[in-house]
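Chains as they are written, first to last, in my numbering: chain A, 140 to 556; chain B, 140 to 556; chain C, 140 to 556. Take a look at the structure set out below.
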C-alpha cells in the first residue's frame with residue numbers, strides 16, 4: 140500500500156513507465172559484509188542433508204561463499220572454504236580421511252575445524268602446520284539436516300527447537316530440497332501471502348491442492364514473540380476452516396500439508412512442513428524442508444524427498460505456462476524483485492510485515508544488537524501456531540456478519556479458544 | 140572512403156593495429172532513452188506474426204524491453220510489459236481470458252490497453268484498480284503481421300502502405316522470421332550493399348541464386364522521397380538487367396525474389412520480399428518478412444515461412460565455413476560492428492548513404508522533429524521502385540562506353556523511361 | 140614462505156578470512172598492452188599444429204586476440220586478424236586461395252603477410268589496395284608445430300633450438316594439445332613443483348605413473364643460463380633415481396616421460412615431452428606438446444596425440460573427484476589463482492623461483508630490455524638438463540646421511556659427474 144513511488148494510470152502508457160530502478164540492496168544482498176548477508180549469518184542455516192554426504196566431498200555455494208562439506212571416517216562433519224590454504228586447489232577433489240580431508244595436490248590434511256594436521260612435503264620438524272588454519276565453519280547435524288553457523292564466532296546463537304519437531308503420531312524427516320533462480324526474499328514473501336493459494340494453486344492452474352483452497356479466505360496477520368503468523372479462515376459448507384502458518388525470521392516458515400478438505404471437525408492438526416530458504420547467492424536460493432510424516436501415509440523415501448507440485452523448474456515450459464506453480468510465480472518476479480515497481484495492496488499486508496521484520500533485524504545487526512529470533516541462553520521449546528482447525532459453524536445470512544464471524548473464529552483459534 | 144581514422148599499411152603489422160575502439164553508440168544503441176532507440180520507436184515495428192498467437196501468452200523482447208503478447212477471447216491483441224504491476228510475476232504465465240489476461244499469482248486482470256479489470260483479493264468496493272495501469276503498447280494486425288508502436292503516445296505515426304502490398308497476380312503473406320546475433324544496423328547495411336550479391340551469393344559460395352548474380356553490376360544509389368534505392372545494372376549476354384531495391388527508413392527494405400535469369404525482356408517485375416530488421420536488443424536482431432506469393436509457384440506454407448538459404452544460424456559450422464551466407468557474413472562483423480575499424484570503399488556508397496539517413500533521423504528525433512519516413516495525415520500509398528527490368532540491348536564494343544550504357548539504362552528505368 | 144599477507148590461525152575462523160583479494164595482474168594479465176602480455180609476445184608461441192590446417196581457415200584466440208590461420212595453395216601459412224579490414228566480416232568464412240585468403244563478403248583478398256591483393260568491387264585503376272594491410276603476424280612451421288611471433292616487429296627473436304629436439308633413437312613429433320579453463324601461470328607453476336607428483340599422481344589418485352613416483356624426493360631447484368631446473372632425487376631400493384626437468388621462460392618446460400621404474404642403472408635417459416602453455420586469454424590456456432617417440436613403443440598417431448591421464452577435462456565429475464589429475468588440481472585453483480591467499484612452503488621454492496624469473500622478464504620488457512630467454516644473433520643449440528639417471532648406490536643407514544647422499548648425487552648428476 141506504500142513503497143510505490145509513482146502510479147502509471149494511462150492506458151497504453153508503457154512508454155512512460157520504462158525505467159527499472161535497482162533492487163532494495165539492504166534487504167536482498169547476501170554476500171559477506173552486506174547488511175542482509177550479515178543478518179542471515181547470525182542464524183544456523185541448513186547447507187545439506189546428511190543423506191547427501193558420501194565418501195567424496197560435496198561442493199557447496201552458500202551466501203555467496205564457495206565451500207566444501209564432508210564427513211570424515213570418524214563421523215565428524217567439516218565445512219571448509221573450498222580453496223586449499225596452501226595454493227588454492229579445490230578441496231572438492233580432496234581425499235576424505237579417517238580424520239579430516241587431504242588436498243589432492245600436495246597432500247595437506249585439514250581437520251573439520253580447519254586445523255592443519257599434516258603438511259607432508261615439509262621437512263621433519265616443520266612448525267608450518269601449527270601456524271595456520273583453513274577457514275572453517277561450525278556445523279551441526281540435526282535429525283539428518285546439516286546446519287552451519289557462518290556468522291562471527293563470538294555471536295553463535297542457540298539452535299532453535301520448535302514445538303513442531305515433536306508431534307505425537309508423526310516422525311520428522313528431511314524432505315525435499317529445490318532451487319529457485321531468484322533472490323531469497325521473494326521466495327519468503329510467498330510464505331506470508333496466503334491469498335496466492337486461492338489463485339496460483341487453485342483458480343489459475345486447476346486445483347493443485349484440495350478444492351477447499353479455492354475459497355477466498357478472510358485474512359489476518361499477527362506479529363508473534365518469535366516471528367509472525369497468518370490466519371486464513373474460509374467457509375466450506377457448514378464448516379469454518381482456520382489455517383495458521385508461521386514465519387520464523389530470518390528465512391524459515393512452516394505450514395500444514397495441503398491435505399485439508401474441511402469436511403469434518405478437527406482441532407490443531409499439525410502435520411507440518413518446515414522450510415528454510417537459503418541463499419546460494421543474490422539470485423539463487425535453495426529450499427530445505429523438514430516434514431512430519433505419518434507412517435499410515437505409506438510414503439516411500441523418494442516421495443518424501445520429492446518437491447511438491449510446481450516447486451521446481453524441471454517441467455517443460457509449455458506445461459509451466461498452462462499450469463504455473465510456485466517456481467514460476469516466484470522466480471519470474473525477476474532475478475531480484477524490484478520493490479520500487481510494486482503496487483502493494485491490502486492482500487500484501489503480510490509481505491509488508493515480513494519485510495519490516497527482516498529490515499528491523501538487519502538494522503539490529505548493523506547496530507550491534509541481536510535481531511529478533513536469535514536465541515541466547517536456555518531458550519526452551521518454541522511454541523508455534525501452525526495448524527488446521529475445522530469447526531462446525533453455520534453461516535451467517537448477511538455477508539458483513541459472515542465476514543465478522545470468520546475473522547472472530549480465526550482470532551479465537553489463534554488465541555487458543 | 141572516409142570514417143577510417145588510420146590505415147595500417149605495413150605487412151606483418153598486426154602488432155600496431157590491436158586497439159578495438161567502441162561501437163558508434165549513436166547509431167547502434169536501441170534501449171529505452173537512447174538516441175537510436177528513440178528514433179526506431181517513432182515507427183510501427185513488427186513484433187510477431189499473428190500465426191504465433193495461441194491460447195497462451197507469448198514472451199517477447201523488443202528494443203531491449205521485456206513484453207508479453209496475447210490475443211484475448213474477444214480477438215483483441217495486447218502487448219503488455221512482462222512483469223505484473225502488482226508484484227512483478229511474469230505475465231507469460233498468465234491466463235488469457237475472454238477479456239484481457241489474468242496474472243497467475245494473485246489473479247489481477249489486465250485489459251489489452253493495460254487497464255486493470257479485476258483485483259480479486261481486494262475488498263469489495265476497492266478503488267485500487269481504477270488508480271493504476273499495466274504498461275501497454277498499441278498494436279495493429281496488418282495482414283497477419285502484428286505491429287506495435289513503442290514511442291511517445293502523442294507522436295504515433297500513420298501506418299505506411301507501400302504500393303507493393305497490392306500487386307496483380309500475387310498475394311501478400313507473412314513469410315520468414317529469423318534472428319541474427321548482432322546489431323540491427325549491420326543487418327540493414329547489407330540491404331544497400333548490392334556488390335555482396337556478386338561475391339557472397341555467387342562467387343564465394345557457389346551460385347546461391349541465379350548465375351546472373353555473378354556478373355559484377357554497374358551500381359548507383361539515389362535518395363528518394365521516402366528513403367533510398369540502389370540500382371544494379373548487369374550485362375547478361377544480349378540483355379541488360381536492371382535490379383532496383385528500396386530502403387525505407389528506419390529499418391525496412393524490399394527486394395525482388397532472387398529468381399531473375401535475365402534471358403528475356405520484362406518490365407517492372409515485382410514479386411517482392413519486404414523485410415523489417417527489429418532489434419531484440421543491442422546485439423540481437425530479428426527479421427520479419429512479408430512476401431508476395433504467386434500461386435503458380437505452388438509453395439507450401441512451410442516453404443513460405445522458411446528463411447532463405449544462409450539467412451539463419453541453423454547450419455553446421457563446417458558447412459557455414461564452406462558455403463557462408465548472409466547470417467555468417469553479417470553476424471561475424473562482431474556483435475556490434477566497429478565503424479572506426481572499417482575501410483569503406485566506392486562499393487560502400489550505399490552503406491554510407493543509409494547510415495547518413497539513419498543518423499539524420501536520429502538527430503531529428505533528438506531535436507524534436509519528425510524523422511524522414513514518419514507519416515502524418517493522409518499519406519496515401521507510397522510508390523516504391525523495387526523491380527527487375529530486363530531489356531534487350533546489344534553490348535557496346537568499348538568498355539567505357541558499355542559502362543556508360545549500363546548506367547544510363549539503369550537511370551532510365553528508375554526514371555520510368 | 141613469503142607473499143602471504145596474513146595467516147588465519149583460529150579453528151572455525153572462516154568468518155575472519157572471507158576477503159578475496161584480486162589476482163596479481165602483473166604476472167597474469169595477457170591481453171595486448173599488459174605487462175605480462177607484452178612479455179609473452181617477445182617469444183615465438185605455438186598457435187596450432189600443422190596437421191590442423193585444412194582447406195578451410197582455422198579460427199583461433201591467442202593472448203586475447205581473435206585470429207585466423209590458414210595455409211594457402213602455395214603452401215604458405217598466414218595468421219591474420221580475424222575481422223576483415225574492409226567491413227569486419229570474419230575471415231573464418233573466407234575462401235583459401237592459391238595465394239592468400241578471400242573474404243566471403245566482398246571478395247577482398249589478403250596475402251599471408253596482410254597485404255591486399257584484390258579489391259574486386261573497386262573501379263579499375265583503384266589504388267585502395269596499395270594503401271592498406273590486414274593485420275598479420277609472422278609464422279613459422281617447425282616440425283609440424285606452427286609458431287607465431289606477436290610482439291613488436293623490430294624485436295623479433297631467434298627461434299630456440301633445444302638439444303632435446305634431436306635425440307638418437309627418437310623422433311620428435313607434435314603430440315597432444317589440451318585446454319585448461321584457468322590462467323597460464325598456474326599451469327606453469329605446476330612444472331617446477333615436483334612434490335605434487337608424489338601426491339596428485341601417486342598417493343591421492345592411485346599410481347598414475349610408476350610406483351617409483353610415490354617416494355617423496357629430495358628436492359632442489361637451480362637457476363640456469365636459459366631458465367631453471369628442478370632435481371628430484373629418490374631412493375628406490377638399492378638405486379638412486381635422479382629426475383631433472385627444465386623450465387624455459389616464459390612458458391615452456393620439458394620433462395621425461397613418466398616411465399621410469401628405477402630398477403636398473405641408466406645415465407641421461409631423455410625421451411622428453413616439451414610443453415608450451417599458451418594463453419588463450421586470462422582464464423583459458425592451451426598446452427601444445429612436442430614428444431620424442433621411440434618407434435619400438437609402437438604408438439599409433441592417435442595415441443601420440445592423446446593427452447596424458449587427467450590432463451584434460453573430458454572425464455565425468457564423479458571420476459575426477461575420485462581420481463583427480465593435473466587438470467583438476469590446476470584449474471580448480473580458481474580461474475586466476477590468488478597469490479595473496481597462498482601460504483607457500485618449502486616445497487614451493489621452485490614456484491617462487493619461476494615466478495621471480497617471470498616477473499624479472501616482465502620488468503625487463505617494461506624497461507625496454509630483452510628478457511631472459513630471448514635469443515639474438517647466432518644462438519646455437521641450447522643445452523638442457525632434463526633426464527632420468529639411475530645409479531646403483533646402497534642406502535646410508537642414518538636418515539640425515541641418506542638425505543645428504545641423495546642431494547649430493549642429484550647435484551653431481553646435474554654437474555655432469
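Ideal Cβ positions, reconstructed from N, Cα and C, are used throughout, including at glycine.
Of the residues C:489, C:379, C:470, which one's Cα is nearest the Cα of residue 535 (chain C)? C:379
Does residue 224 (chain B) get closer than 9 Å to chain A when you measure Cβ to Cβ? yes
Quick one: measure Cβ to Cβ for residue 334 (chain A) and residue 260 (chain B), integer angstroms, because I've assumed they're closer than 8 Å. 4 Å
Going along the region 148 to 177 of chain A in order, which residues come within less than 7 Å of chain B, judged by CB to CB distance? 148, 149, 150, 151, 152, 153, 154, 156, 157
At a CB-CB cut-off below 7 Å, which residues of chain C make contact with residue 475 (chain B)? What residue 475 (chain B) touches in chain C: nothing, since even the nearest Cβ is about 10 Å away.
Can you round the beta-carbon distance between residue 322 (chain B) and residue 422 (chain B) to whole angstroms, since I take them to be within the 8 Å contact cut? 6 Å
If you follow the beta strand (DSSP E) that residue 313 (chain B) is part of, which residue opens it and which one closes it? 310 to 319
Please list, in chain order, the chain B residues whose beta carbon lies closer than 7 Å to that of residue 463 (chain A). 232, 243
Of all the options C:352, C:364, C:286, C:317, which has the alpha carbon lying nearest to the alpha carbon of residue 374 (chain C)? C:352
Which residue wins for smallest C-alpha separation from residue 441 (chain A), given the options A:477, A:314, A:388? A:314
Within 10 Å of its beta-carbon, does residue 360 (chain A) have 16 or more other beta-carbons around it, so buried, or fewer, so exposed? buried
Return yes when the Cβ of residue 238 (chain A) is within less than 9 Å of the Cβ of residue 563 (chain A), no when it is not. Because chain A here runs from 140 to 556, residue 563 (chain A) falls outside it and cannot be looked at.
Which residue's Cα is closest to the Cα of residue 514 (chain A): A:455, A:299, A:382? A:299
Residue range of the alpha helix (DSSP H) that residue 323 (chain B) falls in? 323 to 328
Pair every Cβ in the region 247 to 264 of chain B with every Cβ in the region 167 to 176 of chain B, then say whether three or more of these pairs are closer than 8 Å. no
CB contact flag (residue 248 (chain C), residue 215 (chain C), <9 Å): no
Residues of chain C with CB under 8 Å from residue 486 (chain B), in chain order? 245, 260, 261
Counting only Cβ pairs nearer than 8 Å, list the residues of chain A close to residue 324 (chain C). Near residue 324 (chain C) there are no residues of chain A at all, since even the closest Cβ is about 12 Å away, more than 8 Å.
Could you tell me whether the region 404 to 420 of chain C touches the region 305 to 319 of chain C, where touching means 3 or more Cβ pairs closer than 8 Å? yes
Would residue 144 (chain B) pass as an interface residue toward chain C - the criterion being a Cβ-Cβ separation below 9 Å? The pLDDT assigned to residue 144 (chain B) is 47, lower than 50, so where the model puts this residue is not dependable, and the model offers no usable value.
Using a threshold of 9 Å, state whether the C-beta atoms of residue 210 (chain C) and residue 288 (chain C) are closer than that. no
With 16 other CB atoms within 10 Å as the buried threshold, where does residue 317 (chain A) fall? buried
Please state whether DSSP places residue 237 (chain A) in a helix, a strand or coil. coil
Between which two residues does the alpha helix (DSSP H) harbouring residue 439 (chain B) extend? No alpha helix (DSSP H) contains residue 439 (chain B), which DSSP labels as neither H nor E.
Please name the residue, chosen from C:396, C:376, C:495, that lies closest to residue 525 (chain C) on a Cα-to-Cα basis. C:396
Could one say the Cβ of residue 558 (chain A) lies closer than 9 Å to chain B's Cβ atoms, at least one of them? No information on residue 558 (chain A) is available, as it lies outside the stretch 140 to 556 that chain A covers here.
Pull up the distance between the alpha-carbon of residue 445 (chain B) and that of residue 203 (chain C), whole angstroms please. 38 Å
I'd like the list of long-range same chain contacts for residue 283 (chain C), defined as Cβ closer than 8 Å, with 5 residues on each side in sequence excluded. 188, 189, 190, 312, 313
Neighbouring residues, chain B, relative to residue 276 (chain C) (Cβ below 7 Å): 151, 153
Apart from the five residues on each side of it in sequence, which residues of its chain come closer than 6 Å, Cβ to Cβ, to residue 254 (chain C)? 272
Nearest neighbour of residue 153 (chain A), chosen from B:538, B:274, B:362 [CA to CA]: B:274
Could you name the residues that DSSP lists as bridge partners for residue 281 (chain C)? C:284
Just verifying my parser: in three-state terms, what is the DSSP assignment at residue 250 (chain B)? coil
Using DSSP with H/G/I as helix, E/B as strand and the rest coil, what is residue 217 (chain B)? strand
Can you give, in chain order, each stretch of the beta strand (DSSP E) that sits fully within the region 421 to 463 of chain A and has at least 3 residues? 423 to 432
Please check the pair residue 404 (chain B) and residue 531 (chain B), which I expect to be a contact at CB under 8 Å, by giving their CB distance rounded to whole angstroms. 5 Å
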